[in-house]
Amino acid sequence: MTEFTRPDGSTGLVPTNPTIAGAEPLAPDGGIDRAVETTTEAGLELKARSQWQYARMRFFRHRLAVAGLIGLIIIFGCGIFAPLVAPYGFAQFDLLHTLQPPTTAHQHYFGTDTIGRDEFSRVIWGVRTSMEVGVFVAVASTIIGLIIGAIAGYQGGWIDNLMMRVTDLVLTLPALAILLAFTALVGNGGQWTLSFILVLFFWTGIARVVRGLFLSLREKEYVEAAKASGAGDMRLMFRHILPNTLGPIIVNATLAVGVAILTESALSFLGFGIKPPTPSLGELVADAQSNPDQWWLTIFPGLTIVLIVLCVNFVGDGLRDALDPQQRRVRA
Amino acid sequence: MPDPLLSIEDLVVEFKTEDGVVHAVDGVSYELFPGEILGIVGESGSGKSVSTLALLGLIPQPPGRIVSGTAMFKGRDLLRLKKRELRKVRGNEVAMVFQDPMTSLNPVLTVGNQLGEAINTHFPDEKDEVVKQKVIDLLTLVGVPNPEQRYSQYPHEFSGGMRQRAMIAMAISNSPSLLIADEPTTALDVTIQAQVLEVLKRVQQETDAATILITHDLGIVAEMCDRVLVMYAGHIVEAGDVATIFRSPRHPYTIGLMNSLPKLTEDEEWLEPITGAPPSLINLPPGCPFHPRCFLARERCRQENPPLAPVEGSEHKSACHFSEELIGRKSKFSEAVA
């Protein structure tokens, strides 16, 4: 049988007496902590990273996501700086050069339409409109969904029940039919009317995600510990639980941008979205229907929609991998 | 004898479940005096945690329900405080250290941030630099090395022992007069346990907070506590000062608990467990809840639940009809304490 030599010089079967007979009083800076300090001295210290730093690392390792991000920056950059980038105004016509195929002459890179408006400029202005709608809808519906989901999930009980039934009700409404009815009612509204209507339908998805997260996170011990140290409901909800839900929320909001742009395009295509002459991508595609031989009028705005949504989804995927480690695929 | 800081009278807590009502705490009364460390021991489900969580209103209601009882703390009944008043008590006058330090810190906030928040919750006007300095002082007090650096680290960068130290620092950040430590070392390994207990003891001396230490480790009780309550199936079955109880336990359950521990000084082939299993709290046996497992049990025990009555002087109490028969009966610890 091996005997250990205890720190005080005596020997015994165990290195130190466990708790019962007066444990070896370890100085608080002794033992393990000292080992930590020595490694620091030896320069072996690990670089401390916050969760956000880890997330950023994971995101930038995701090639498609980075490509998507670059694509979005270019496309949305054009939209944001449309007055600088677009060679012409969106309503500026030139009857001498109608229905021209793509050419570098007069900077008609994407050609011109029936009244000689520059398609390249129209697409850029259309991106601006679609982007505004997409981002506004995503942000506004995220905020609304967040508040409703947070309250429902945190409070539980009848409040939760009531709010979720309302959410279910909104989800059961046939969005397209109501949108069409609504636009028929108020007339073919501007882009903000359209955005508000879209928000009315978009918040439900986020509300349900957030509610689920709050429901499980409110049972966490750190929430109880914070409660035991006197934190009130607001503090528990928004300071302790909310940061833990941000990952999935950001992912959802990002993907919502894509869906909102698609929905807007679809509505505009059907003629119930954004009113001409303000160009939106969907409306440009719709316009092009009357000129089936002029392929450039369909291809360029259509391709832009596809590119935007694709990029948004790549970025969303990358964010999901970066922010939501539980759903992350194992990567070598 | 000074006035008690906390006096709990006839606390009854129930939980409604699918299978029936769980009588988690059933008529518990005890007092806590300023500056003392009171141990509460008992096996899982004996009501030790619930009886203290109830004080801070931390029992989820529903399904939980505080059926009756009073808990007088500084002239107020904690069980009847409004939600807002209770929030002012939590983390300020009464603070709590939880069992599992791995999950009790929020993973997305830095440790310094969380400790600072514990102070800010009760003193929102305190300047940021003052709070930060106080947090660093607290981390130093509980023996976290490099507190300045540790301040801005996240919980995942802390080891289990360090996290529990941080939790203790958080609990004492507003100098509470009552500190409740709910199995503070259960989730830690033995060497770290000793360190954390050491910290807890030093902190207790520093702040002079009356402390309730919930544990199922009799060793910790012997080392840390002044007095001890032994709980079984929602009842207190024995109460008294630590030396007395270890020297001459007067309840069969306490003796059983002590005898089921391994003795380090002798070679033991077998441990002596308490026979049987703990009773269902939904359907407690009639009479003394311990009688189905008790070596003293007889007819009277099956019919009459013994009250917690003084056995030797007013300090030492036992809830057993036949506690006199246990006089002179030694537990394994009798010599160790004597």
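Sequence lines, in order, name chains B and W. So in our numbering, the last spot in the first sequence is 332, and the numbers never skip. So in our numbering, the last spot in the second sequence is 1338, and the numbers never skip. Cβ coordinates follow ideal geometry from the N, Cα and C atoms, glycine included.
query                                                                                                                           : result
Chain B contact for F1098 (chain W) (CB, 9 Å cutoff)                                                                            : yes
C-beta atoms of R1090 (chain W) and S229 (chain B) nearer than 9 Å                                                              : yes
Completely contained beta strand (DSSP E) runs for the segment 1028-1068 of chain W, where each covers 3 or more residues       : 1037-1041
Chain-ordered chain B contacts of L1056 (chain W) [CB-CB under 8 Å]                                                             : A228
Spatial neighbours of D1100 (chain W) in its chain, beta-carbon cut-off 6 Å, leaving aside the 5 residues before and after      : A1187
Pair within 9 Å by beta-carbon distance, P243 (chain B) and L1109 (chain W)                                                     : yes
Residue-level contact to chain B via CB, N1259 (chain W), 9 Å cutoff                                                            : no
Span separating the alpha-carbon of A140 (chain B) from that of W192 (chain B)                                                  : 12 Å
Neighbourhood of G134 (chain B) by C-beta distance below 6 Å, restricted to the same chain and skipping five residues each side : V257, A260 and I261
Three CB pairs or more closer than 8 Å across the segment 1105-1124 of chain W and the segment 1163-1170 of chain W             : yes
Cβ-based neighbour list, S268 (chain B), same chain, cut-off 7 Å, excluding 5 preceding and 5 following                         : I274, S280, G282, E283 and A286
C-beta neighbour in chain W for G149 (chain B), strict 9 Å                                                                      : no
Contact with chain W by A225 (chain B), beta-carbon distance below 9 Å                                                          : yes
Beta-carbon proximity check, I1274 (chain W) vs G1256 (chain W), cutoff 9 Å                                                     : yes
Completely contained alpha helix (DSSP H) runs for the segment 1132-1219 of chain W, where each covers 4 or more residues       : 1147-1151, 1160-1171 and 1190-1207
Endpoints, alpha helix (DSSP H) assigned at A86 (chain B)                                                                       : Taken as a continuous stretch (DSSP letters only), A86 (chain B) belongs to no alpha helix (DSSP H), as it is neither H nor E.
Residue from W:P1063, W:H1321, W:Q1061 and W:H1216 with nearest C-alpha to E1299 (chain W)                                      : W:H1321
Within-9 Å CB hit, R1247 (chain W) to chain B                                                                                   : no
Residue-chain proximity (A1338 (chain W), chain B), Cβ-Cβ < 9 Å                                                                 : Reliability fails at A1338 (chain W), whose pLDDT of 48 lies under 50, so the model's placement of it is uncertain and no value is given.
Continuous alpha helix (DSSP H) assignments of at least 4 residues falling wholly in the segment 146-194 of chain B             : 157-172 and 175-186
Alpha carbon of G1234 (chain W) to alpha carbon of Q1061 (chain W), nearest angstrom                                            : 18 Å
Check whether W203 (chain B) and T142 (chain B) have beta carbons under 9 Å apart                                               : yes
9 Å Cβ cutoff, N17 (chain B) in contact with chain W                                                                            : Any reading at N17 (chain B) must be qualified, since the residue scores a pLDDT of 37, below 50, and its modelled position is unreliable; no value is offered.
Spatial distance of I144 (chain B) from A207 (chain B) (CA atoms)                                                               : 8 Å
Cβ of Y1232 (chain W) within 9 Å of any chain B Cβ                                                                              : no
Beta-carbon gap between G116 (chain B) and F93 (chain B) smaller than 9 Å                                                       : yes
Cβ of T973 (chain W) within 9 Å of any chain B Cβ                                                                               : Within the shown structure, residues of chain W are numbered from 1001 to 1338, placing residue 973 (chain W) beyond reach of any answer.
Buried/exposed call for Q1164 (chain W), threshold 16 Cβ in 10 Å                                                                : buried
Beta-carbon neighbours of G232 (chain B), restricted to chain W and to distances below 7 Å                                      : R1087
V199 (chain B) - DSSP class collapsed to helix/strand/coil                                                                      : helix
Per DSSP, the bridge partner or partners of I1373 (chain W)                                                                     : There is no way to answer for residue 1373 (chain W), as the model of chain W reaches only from 1001 to 1338.
Burial state of A1319 (chain W) (16 or more Cβ within 10 Å)                                                                     : buried
Cutoff 7 Å; reference P1359 (chain W); Cβ partners in own chain excluding five residues on either side                          : This structure gives no information on residue 1359 (chain W), because the portion of chain W shown stretches from 1001 to 1338.
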